[in-house]
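Novice: Our numbering puts the first residue of the sequence shown at 9, with every later residue one more than the last. Idealized CB from N, CA, C, for every residue including glycine.
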Amino acid sequence: MMRLPGAACRATRFRLAKSPGWTMLAALAQRVEKNMAKFALFYVGEPQFGSPEAAKAHQQEWMAWAQDLGEAAIELGMPFSAPTRVKPDGSSQTQPKELSGMSIVQAADMDAAVEIAKGCPFVQFAPVDVVQIYAMGG
Numbered sequence: 009m010m011r012l013p014g015a016a017c018r019a020t021r022f023r024l025a026k027s028p029g030w031t032m033l034a035a036l037a038q039r040v041e042k043n044m045a046k047f048a049l050f051y052v053g054e055p056q057f058g059s060p061e062a063a064k065a066h067q068q069e070w071m072a073w074a075q076d077l078g079e080a081a082i083e084l085g086m087p088f089s090a091p092t093r094v095k096p097d098g099s100s101q102t103q104p105k106e107l108s109g110m111s112i113v114q115a116a117d118m119d120a121a122v123e124i125a126k127g128c129p130f131v132q133f134a135p136v137d138v139v140q141i142y143a144m145g146g
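Next up, the structure:
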């Protein structure tokens, strides 16, 4: 069992061994308001700050942005490791790290989610991809 990070996720548990890909996204998506769409903000690349002071300033901007999101924030700042790709033949290989992390937000529509991404301090240094998360029927 894995305990998800963040106060809102502390009670959410699932078995990774029995879970298909994107189970974490589906679990998070089920917790948000029914009237709002869910979006993943994928942070592309690794920002280069140039100095420890610039990195600290970025962290402070990030915290202010996160606080300003209020209830739109579902899960923020989930950093990624380099991925390992598992192939149909069962082999696996570490891949180059293209995504540095992600956040889950809720918004009225894609335009509103894009506006949230435009306000994210990460976008000052590297791109942010916005994708809608759809609930699985069942």
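Among all the DSSP beta bridges, which residues are the ones paired with S111?
Specialist: According to DSSP, which records beta bridges pairwise, S111 is partnered with L49.
Novice: Let me know the alpha helix (DSSP H) ranges lying completely inside the region 77-131, each 4 residues or longer, listed in chain order.
Specialist: 118-127, all fully within the region 77-131.
Novice: Apply the 10 Å Cβ neighbour rule to K105 and answer buried if 16 or more other Cβ atoms are within range, or exposed otherwise.
Specialist: Result: exposed.
Novice: If contacts are defined as beta-carbon pairs under 8 Å, then G109 and Y51 qualify, I think. What distance do you get, rounded to the angstrom?
Specialist: Their Cβ separation, rounded to whole angstroms, is 5 Å, which keeps G109 and Y51 in contact under 8 Å.
Novice: How far does the beta strand (DSSP E) with Q140 in it reach, from first residue to last?
Specialist: V136 to I141 is the span of the beta strand (DSSP E), which, as asked, contains Q140.
Novice: Using the C-alpha atoms, what's the distance from Q75 back to V139?
Specialist: In a straight line, the C-alpha of V139 is about 22 Å away from that of Q75.
Novice: What number of angstroms, rounded off, separates the C-alpha of A149 from the C-alpha of K95?
Specialist: Nothing about residue 149 can be reported from this structure: the residues present for the chain run from 9 to 146 only.
Novice: Tell me which residues share the same chain as A34 and place their Cβ nearer than 7 Å to its Cβ, disregarding the 5 neighbours each side in the sequence.
Specialist: Residue confidence is low: A34 scores 49 on pLDDT, short of 50, so the model does not pin down where it sits. Its coordinate-derived value is still stated next. Within the same chain, A34 has close Cβ partners M144.
Novice: In whole angstroms, give me the CA-to-CA distance for Q56 and A63.
Specialist: Approximately 8 Å between the Cα atoms of the pair.
Novice: Would you check if the distance between the CB atom of I124 and the CB atom of I82 is smaller than 7 Å?
Specialist: Taking 7 Å as the Cβ cut-off, I124 and I82 do not qualify as a contacting pair.
Novice: What do you get for A72, buried or exposed, if any count of 16 or more other CB atoms within 10 angstroms of its CB means buried?
Specialist: Burial call: exposed.
Novice: CA-CA distance, T102 and M86?
Specialist: Going by the C-alpha atoms only, they are around 20 Å apart.
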